[in-house]
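Enquirer: Just passing along the structure, written as structure tokens.
Residue numbers (the working numbering): 7 to 308.
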């Protein structure tokens with residue numbers, strides 16, 4: 007077995023707003039065995055309308071910093087005037103942290119909305135990995151890495167390999183194959199006529215089966231490469247191969263297996279280049295119901 011790469015100190019930015027989801031982010035960070043000399047910067051942003059609350063916000067910010075300091079981390083606190091998403095992204099661009107951690111919803115979360123506006127903007131536009139944490143925090147024991155063979159997916163595998171997971175964490179790697187074709191095709195409507203079912207030929211069915219078998223071999227090979235890479239970092243992982251709509255299959259699996267944390271690349275193989283986030287990653291952040299770590303490849307590549 008290869009010797010795992012040494013994990014260097016991490017520079018983590020915690021965007022704190024005093025919400026229950028931000029508290030969950032503090033708890034999650036507190037469970038991580040961060041390398042020595044790692045730094046957690048607690049950032050609180052207040053708007054011009056909150057100027058009168060400045061003293062109370064300083065106290066709350068210091069309380070969060072102390073909680074993390076008690077875990078043995080190096081910490082510092084920053085209180086900035088501005089608008090939260092804008093300031094978090096600006097601070098990230100200036101200081102280049104290895105990770106941003108923040109709660110999925112803020113203090114002013116709207117009922118029924120599963121992802122707050124600040125978290126949504128940060129995960130879309132920040133230039134580094136973003137950990138979106140959901141309350142209540144129940145540990146980080148079951149980790150699911152989602153891969154698709156894209157550069158961002160490869161980056162996510164590399165990032166997880168060096169990420170300081172809690173002792174005893176169970177890692178699974180999942181790949182979802184495209185949906186299987188239906189045995190019946192449909193003609194396109196023409197001049198008011200309805201769509202008509204057309205039974206596929208034997209040749210078409212055999213060709214589809216051969217294509218599915220090839221996809222399965224390629225999927226298994228992709229999973230094997232990812233688990234081997236994680237093993238090289240000292241992480242044992244099991245593989246999961248599914249077929250169907252990617253977001254649906256992943257979210258169903260996450261809920262059925264009580265996954266605590268999803269790790270995924272920000273974009274897949276077939277995304278429009280202007281989009282910073284792929285549709286699958288976006289759906290996972292919004293609807294998975296658990297914490298999600300989105301890892302981004304360098305922008306010129308991805």
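Note that the Cβ used here is the ideal one computed from N, Cα and C, for glycine as well.
Can you tell me which of 172, 170, 153, 171 puts its alpha carbon nearest to the alpha carbon of residue 309?
Expert: The structure shown does not extend to residue 309, since the chain is modelled only from 7 to 308, so the question has no answer here.
Enquirer: Using C-beta distances below 8 Å, list every residue in its chain close to residue 90, excluding the 5 sequence neighbours before and after it, in chain order.
Expert: 21, 23, 51, 53, 112, 124
Enquirer: Could you check if residue 266 is buried or exposed, using at least 16 other CB atoms within 10 Å of its CB as the buried criterion?
Expert: buried
Enquirer: Is the number of C-beta pairs between the stretch 81-88 and the stretch 64-71 that are closer than 8 Å three or more?
Expert: yes
Enquirer: For residue 75, which residues of its own chain have a beta-carbon under 8 Å away from its beta-carbon, when the five flanking residues on both sides are left out?
Expert: 81
Enquirer: Look at the alpha carbon of residue 301 and the alpha carbon of residue 270, and state the distance between them as a whole number of angstroms.
Expert: 6 Å
Enquirer: Out of 299, 160, 285, which one is the CA nearest neighbour of residue 236?
Expert: 160
Enquirer: Thinking just about the alpha-carbon of each residue, which of 41, 30, 171 is nearest to the one in residue 148?
Expert: 171
Enquirer: Could you give the C-beta distance for residue 134 and residue 100, rounded to a whole number, given that I count them as a contact under 8 Å?
Expert: Contact between residue 134 and residue 100 does not hold, since their C-beta atoms are separated by about 12 Å, which reaches or exceeds 8 Å.
Enquirer: Cβ of residue 142 within 8 Å of any heavy atom in the ligand GDP?
Expert: Ligands in the displayed structure: none, and consequently the ligand GDP is not present.
Enquirer: Using DSSP with H/G/I as helix, E/B as strand and the rest coil, what is residue 181?
Expert: strand
Enquirer: Where do the N-terminal and C-terminal ends of the beta strand (DSSP E) with residue 220 fall, by residue?
Expert: It is not in any beta strand (DSSP E) - residue 220 instead sits in the alpha helix (DSSP H) that spans 208-238.
Enquirer: Could you say which of 231, 110, 262, 39 lies nearest to residue 142 if we only look at CA atoms?
Expert: 110
Enquirer: Compute the beta-carbon to beta-carbon distance between residue 136 and residue 106, rounded to the nearest angstrom, for a pair I have assumed lies under 8 Å.
Expert: Confirmed, about 5 Å.
Enquirer: Is it a yes or a no for the stretch 213-233 touching the stretch 177-189, going by three-plus beta-carbon pairs under 8 Å?
Expert: yes
Enquirer: Residue 58: buried (16+ other C-beta within 10 angstroms of its C-beta) or exposed?
Expert: exposed
Enquirer: Helix, strand or coil: which one does DSSP assign to residue 186?
Expert: coil
Enquirer: In whole angstroms, give me the CA-to-CA distance for residue 268 and residue 62.
Expert: Rounded to the nearest angstrom, the two C-alpha atoms are 35 Å apart.
Enquirer: My parser needs the alpha helix (DSSP H) runs of 4 or more residues fully inside the stretch 60-132; what are they?
Expert: The DSSP assignment places complete alpha helix (DSSP H) segments of no fewer than 4 residues inside the stretch 60-132 at 60-75, 90-101, 123-131, in order along the chain.
Enquirer: Closest by CA to residue 49, which one among 92, 13, 77?
Expert: 92
Enquirer: With DSSP collapsed to three states, give me the class of residue 161.
Expert: helix
Enquirer: Here's a check: name, in chain order, each residue in its chain whose Cβ is nearer than 6 Å to the Cβ of residue 39, leaving out the five neighbours to either side.
Expert: 170
Enquirer: Mapping DSSP to helix, strand and coil, what is residue 147?
Expert: coil
Enquirer: For residue 131 and residue 146, what's the separation of their Cα atoms in angstroms?
Expert: 25 Å
Enquirer: Among the candidates 168, 127, 256, whose CA atom is the shortest distance from the CA of residue 239?
Expert: 168
Enquirer: Note down, in chain order, each residue of its chain lying with its Cβ closer than 7 Å to the Cβ of residue 294, except the 5 sequence neighbours on either side.
Expert: If we look at residue 294 and ignore the five residues flanking it on each side, its Cβ neighbours are 257, 260, 268.
Enquirer: Can you give me the Cβ contacts of residue 291 inside the same chain, cut-off strictly under 7 Å, excluding the 5 residues immediately before and after it?
Expert: 121, 129, 138, 298, 300
Enquirer: Could you tell me which of 34, 27, 44, 30 sits nearest to residue 16, measuring between CA atoms?
Expert: 44
Enquirer: Start and end of the alpha helix (DSSP H) containing residue 285?
Expert: 285-293
Enquirer: Among residues of its own chain, excluding the 5 on either side of residue 31, which ones have a beta-carbon nearer than 7 Å to its beta-carbon?
Expert: 20, 107, 108, 109, 139
Enquirer: Give every residue of the same chain whose Cβ lies closer than 6 Å to the Cβ of residue 177, excluding the five residues on either side of it in the sequence, and list them in chain order.
Expert: 149, 241, 243
Enquirer: Determine the closest residue to residue 287 out of 232, 211, 252, with distance taken between C-alpha atoms.
Expert: 252
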